[in-house]
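With the working numbering applied, the sequence shown covers 582 to 856. The beta carbon of each residue, even a glycine, is placed where N, CA and C say it ideally should be. Since the structure comes first, as C-alpha cells, the remarks are kept for the end.
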Amino acid sequence: MLATAQRRSPRAPIRLKHVSIQFDARYEVTATETGKSSSEWFCKVACDASSASLHGYFVELLAATANSLPDQLDDSAVDEAVEALMELFRKMAMPSRASMTGLWGELLLINASPSPQRMVDAWHVAPTDDFDFAADAFRIEVKSTSSVIREHEFSLRQVRSGRPDDFIASVVLRSSADGLSVLDLARRITPELTDAGQAKLWQLVIETLGDDAESTEWQTFDVASATASLMLVPARHIPAPTIAAGDSRFISDVRFRAQIGEICSQHAMPLSALL
Numbered sequence: 582m583l584a585t586a587q588r589r590s591p592r593a594p595i596r597l598k599h600v601s602i603q604f605d606a607r608y609e610v611t612a613t614e615t616g617k618s619s620s621e622w623f624c625k626v627a628c629d630a631s632s633a634s635l636h637g638y639f640v641e642l643l644a645a646t647a648n649s650l651p652d653q654l655d656d657s658a659v660d661e662a663v664e665a666l667m668e669l670f671r672k673m674a675m676p677s678r679a680s681m682t683g684l685w686g687e688l689l690l691i692n693a694s695p696s697p698q699r700m701v702d703a704w705h706v707a708p709t710d711d712f713d714f715a716a717d718a719f720r721i722e723v724k725s726t727s728s729v730i731r732e733h734e735f736s737l738r739q740v741r742s743g744r745p746d747d748f749i750a751s752v753v754l755r756s757s758a759d760g761l762s763v764l765d766l767a768r769r770i771t772p773e774l775t776d777a778g779q780a781k782l783w784q785l786v787i788e789t790l791g792d793d794a795e796s797t798e799w800q801t802f803d804v805a806s807a808t809a810s811l812m813l814v815p816a817r818h819i820p821a822p823t824i825a826a827g828d829s830r831f832i833s834d835v836r837f838r839a840q841i842g843e844i845c846s847q848h849a850m851p852l853s854a855l856l
C-alpha cells in the first residue's frame, strides 16, 4: 500500500503475471500507537496468492520502496513509482540474467564486508558488467563455486586490465539444509542499509533472479563455511593466457577457466583493507 493523494485523473487497474495494481483505493487506517482511525487514499499493489514463493521478495521490495518515498504521493510520483515496480515485476517473468550461486556469492561479500552500505553503493547495475562491484578505490569480481577446487571462469579483461585496484573474490559454497537462501541472506543485510540502499538491494536481487525467484527457497548454503572460504586476491595474480601483440587486434572476449587455490593461499588479503 502506497499512501497517495486522490488522483486528479483516473487510471485503470493493471494486471501482470504475478502482480495487480489498483489506483485510488480508499481504506480506513487505524494507528497502532493511538488507536485512532482515518480514511485515506492508497495505491494498492498485490501479489498473486498462487505465487507463494515470491511473497517474501514482494514484501521486502514493496517495504523498501515505500520507505524510500515521501509520506504521500501525487499523481506523477505514483506513476513513476508504479512504472519502476512494473518493470521489476516484468523481469520476474523473464529468464535469469546470472546464476543463483553467483548472486549468493555477491550477497555473501556484502554481508561479510565491514561496510555493507558501501558495497551496495558499489554493486553493479547490470549483471553483465565486467566487475560485480566498482568504486573509486577498487573493483571486485566475485567468483562462486560449489566444488572443493577453486576453479572459476574469467574473462581476460577482468584479470589483465592493468589496474592495480582490481580484485577477485573467490567463494566456496557448501549446501546445507539449515543454511540461508538468497532471500534469507538479503534479509540479513538490509538492517545495515539506508532506505535507498535497501531499495537498490531488492531491485538488483529481483532483476538478477528473474523467473528463478520462484525456485530459490530450497537452494541454501552454509554462511559460516562460505565466509571462512572467502578469499580476496589482486586480479593481476590470476594466471591467464597471453595474446601475442600482433594478434590482439583480431581477438576479443577471451574467456578461460583457472584453478586459483594456490594463488589464493599466497596472495589473499582481508576485505577490510579496501574499506
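* Asked: In its own chain, which residues sit with a C-beta less than 7 Å from the C-beta of residue 693, not counting the 5 before and 5 after it?
  -> As a position in the sequence shown, residue 693 is number 112, starting the count at 1. Closer than 7 Å at the Cβ level, and outside the excluded window around residue 693, lie 808, 811, 852.
* To do: In the DSSP assignment, find the unbroken beta strand (DSSP E) run with residue 769 in it and report its ends.
  => One-based indexing of the sequence shown puts residue 769 at position 188. Note, residue 769: premise wrong, no beta strand (DSSP E); alpha helix (DSSP H) at 763-770.
* Across which residues does DSSP place residue 585 in a beta bridge pair? -> Reading the sequence shown from its first residue, position 4 is the one you call residue 585. Looking at the DSSP assignment, residue 585 forms a beta bridge with 622, 654.
* **Per-residue DSSP class, three states only, for residue 598** => The residue given as residue 598 occupies position 17 in the sequence shown. It is coil, neither helix nor strand.
* **Alpha-carbon to alpha-carbon, residue 685 and residue 768** => Your numbering for residue 768 matches position 187 in the sequence shown. Your numbering for residue 685 matches position 104 in the sequence shown. Approximately 12 Å, taken between the alpha carbons.
* Asked: What residue ranges within the stretch 820-853 form continuous alpha helix (DSSP H) runs of no fewer than 4 residues, ordered along the chain?
  -> Every alpha helix (DSSP H) of 4 residues or more that sits fully in the stretch 820-853 is shown, in chain order, as 842-848.
* Indicate whether residue 789 and residue 754 have their beta-carbon atoms separated by less than 9 Å. => Along the sequence shown, one-based indexing puts residue 789 at 208. Along the sequence shown, one-based indexing puts residue 754 at 173. No, Cβ-Cβ distance for residue 789 and residue 754 is not below 9 Å.
* To do: Pull up the CB-CB distance for residue 564 and residue 802, whole angstroms please, since I reckon it's below 8 Å.
  => Within the shown structure, residues of the chain are numbered from 582 to 856, placing residue 564 beyond reach of any answer.
* To do: Would you list the residues sitting across from residue 752 in a DSSP beta bridge?
  => Numbered from 1 along the sequence shown, position 171 holds the residue referred to as residue 752. In DSSP, residue 752 forms a bridge with 725.
* To do: Put residue 777 into one of helix, strand or coil per three-state DSSP.
  => Indexing the sequence shown from 1 puts residue 777 at position 196. Helix, per DSSP.
* Asked: If you run the structure through DSSP and keep just helix, strand and coil, what is residue 715?
  -> The residue you call residue 715 lines up with position 134 of the sequence shown. Residue state, collapsed to three classes: strand.
* **Residue closest to residue 697, alpha-carbon to alpha-carbon, out of 833, 844, 766, 840** => In the sequence shown, the residue the question calls residue 697 occupies position 116. The candidate whose alpha carbon is nearest that of residue 697 is 766.
* Hey, how far is the Cα of residue 751 from the Cα of residue 730? -> Taking the sequence shown and counting its residues from 1, the one referred to as residue 751 is at position 170. Taking the sequence shown and counting its residues from 1, the one referred to as residue 730 is at position 149. Note on geometry: alpha-carbon atoms of residue 751 and residue 730 lie some 11 Å from one another.
* Asked: Start and end of the beta strand (DSSP E) containing residue 736?
  -> Here residue 736 refers to the residue found at position 155 of the sequence shown. Note, residue 736: beta strand (DSSP E), 732-736.
* **Per-residue burial, residue 630 [other beta carbons within 10 Å of its own, 16 or more giving buried]** => Here the question's residue 630 lines up with position 49 in the sequence shown. Using a 10 angstroms sphere on the CB of residue 630, the tally of other CB atoms stays under 16, which defines it as exposed.
* Option in 687, 721, 640 with minimal Cα separation from residue 850 -> The residue labelled residue 850 in the question sits at position 269 within the sequence shown. Selected option, being the one with the closest Cα: 721.
* Determine the direct distance from the alpha carbon of residue 783 to that of residue 641, and round the result to whole angstroms. => Taking the sequence shown and counting its residues from 1, the one referred to as residue 641 is at position 60. Taking the sequence shown and counting its residues from 1, the one referred to as residue 783 is at position 202. For residue 641 and residue 783, the gap between their C-alpha atoms comes out near 7 Å.
* Which residues DSSP lists as bridging residue 609, in chain order -> Position 28 of the sequence shown, counting from 1, holds the residue named residue 609. Among the bridge pairs identified by DSSP, residue 609 is matched with 620.
* Kindly indicate the opening and closing residues of the beta strand (DSSP E) around residue 813. => Position 232 of the sequence shown holds residue 813. That run of the beta strand (DSSP E) goes 812-815.
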